[in-house]
Amino acid sequence: MSWDQTELKKFNKSNTSESCNYLDSHSKPIEMYVFIDPLCPNCWYFEPYIKKFSLEYGRFFTIQQILSPSINRDQLSCRKSSYSSNNFTVSNPWIVSFAIKAAEIQGKRAGKTFLRKLQEHLFLRNLDISNEQILMEIAREAKLDLEEFVEDMHSATARKAFQSDVQLRHEMEIDITPTVVFFNHSNDDQGIKIVGLYPYEVYEFILQETLQITPIPSEKPPLEEFLKRHNMVRSKEISIVYDWSLSKTEKELKKLQFRQRVNRVNENERCYWKYKE
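Written as structure tokens, this is what we have:
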């Protein structure tokens with residue numbers, strides 16, 4: 001997809017976050033609002049960009065992940081509506097959002113891990129991730145407190161957290177996922193919105209524009225450390241994160257496989273690599 005700078009939109013920052021002192025050594029100057037739909041394939045494809053961006057420039061920003069389901073919020077009371085694509089069906093999309101919010105109650109990292117595993121079950125295994133038994137299995141894999149997870153998933157707390165995300169989505173006029181909004185706390189009131197999925201260089205350019213400097217990317221960790229942190233990844237993800245060709249990626253992964261550090265996993269004719277604990 002070609003990049004057209006005219007597609008940038010300005011958004012007034014009021015009521016989205018508290019002001020933060022750029023010079024505060026304990027804070028980061030940029031806040032990124034990342035709007036995703038857990039059922040959206042483009043959001044699944046976008047994840048390697050976020051991984052890479054965080055590794056290279058994470059010292060400059062924090063991420064606020066906002067659930068932005070494609071179903072109109074006026075249907076919120078209709079708990080039985082379903083979502084289908086060519087490859088999968090989710091019978092109750094709302095419980096998926098509530099489950100993600102329940103996982104987030106156990107911590108930001110727990111929420112991210114749960115979301116990642118939930119998407120793996122959806123896009124790799126074509127499972128109905130709104131089935132509560134499957135959600136429980138995902139919660140186990142994410143090492144959540146299961147009793148707390150089940151209680152929170154059906155709680156008013158998770159529902160209100162989801163409603164807050166939906167409200168923010170409408171306030172910022174988010175109609176497409178993924179969408180990323182960059183805010184610089186040193187600027188009074190302007191944000192930059194990127195709607196849709198773009199090449200990685202676009203996000204680098206917007207960070208540079210937002211910071212008003214040209215940041216130097218941090219060195220990436222060794223591949224084994226990356227795999228250990230993320231557990232199971234696609235070859236394509238690694239290629240994106242490390243700027244490697246697929247052939248080089250496969251070569252490096254086979255080295256780790258020979259050392260028995262990773263296992264090759266095939267799911268629905270796709271190849272994934274799983275770190276051996």
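Take the sequence shown: its letter number 24 is residue 24 in our numbering, and every next letter is one higher. Note that beta-carbon positions come from the ideal geometry of N, C-alpha and C, so glycine has one too.
query, result
"Whole-angstrom distance between Arg-259 and Asn-244, CA atom to CA atom", "Here residue 244 is Trp; the residue named in the question, Asn, does not match the sequence. Each residue's Cα considered, the two are about 21 Å apart."
"Identity of the residues DSSP links to Glu-137 by a beta bridge", "Bridge partners of Glu-137: none, in fact."
"Terminal residues of the alpha helix (DSSP H) in which Cys-43 lies", "41-57"
"Residue from Ser-235, Gln-64, Asn-131 whose Cα sits closest to the Cα of Leu-246", "Ser-235"
"Beta-carbon separation (whole angstroms), Ser-130 vs Pro-93, contact threshold 8 Å", "7 Å"
"Identified DSSP bridge partners for Lys-101", "Lys-101 is not bridged to any residue."
"Burial state of Gln-212, where buried means 16 or more other Cβ atoms lie within 10 Å", "exposed"
"Contacts around Ile-95, its chain only, beta-carbon distance under 8 Å, and the 5 residues preceding and following it disregarded", "Arg-79, Ser-130, Glu-132, Leu-135, Met-153"
"Inter-residue spacing [alpha-carbon to alpha-carbon] between Ile-138 and Val-150", "12 Å"
"Cβ neighbour criterion (16 or more within 10 Å) applied to Asn-263", "exposed"
"Cβ pair His-185, Glu-31 closer than 9 Å", "yes"
"Short Cβ contact (9 Å threshold) for Leu-197 with Leu-223", "no"
"Inter-residue spacing [alpha-carbon to alpha-carbon] between Leu-207 and Phe-182", "8 Å"
"Straight-line gap, Pro-178 to His-230 (C-alpha atoms, nearest Å)", "21 Å"
"Environment of Glu-277 [buried if 16+ CB atoms lie within 10 Å]", "exposed"
"Neighbourhood of Val-195 by C-beta, 6 Å cutoff - its chain only, sequence neighbours within 5 removed", "Ile-176, Thr-179"
"Asn-266 versus Phe-35 - alpha carbon distance", "30 Å"
"CA nearest to the CA of Tyr-279, picked from Ala-142, Arg-116, Glu-225", "The structure shown does not extend to residue 279, since the chain is modelled only from 1 to 277, so the question has no answer here."
"Met-172 (DSSP reduced to helix, strand or coil)", "coil"
"Contact set for Phe-53: own chain, Cβ-Cβ below 7 Å, skip 5 residues either direction", "Tyr-203"
"Test item: CB-CB of Pro-221 and Leu-67 under 9 Å", "no"
"Nearest-angstrom Cα separation, counted from Glu-201 out to Phe-98", "34 Å"
"Per-residue DSSP class, three states only, for Tyr-198", "coil"
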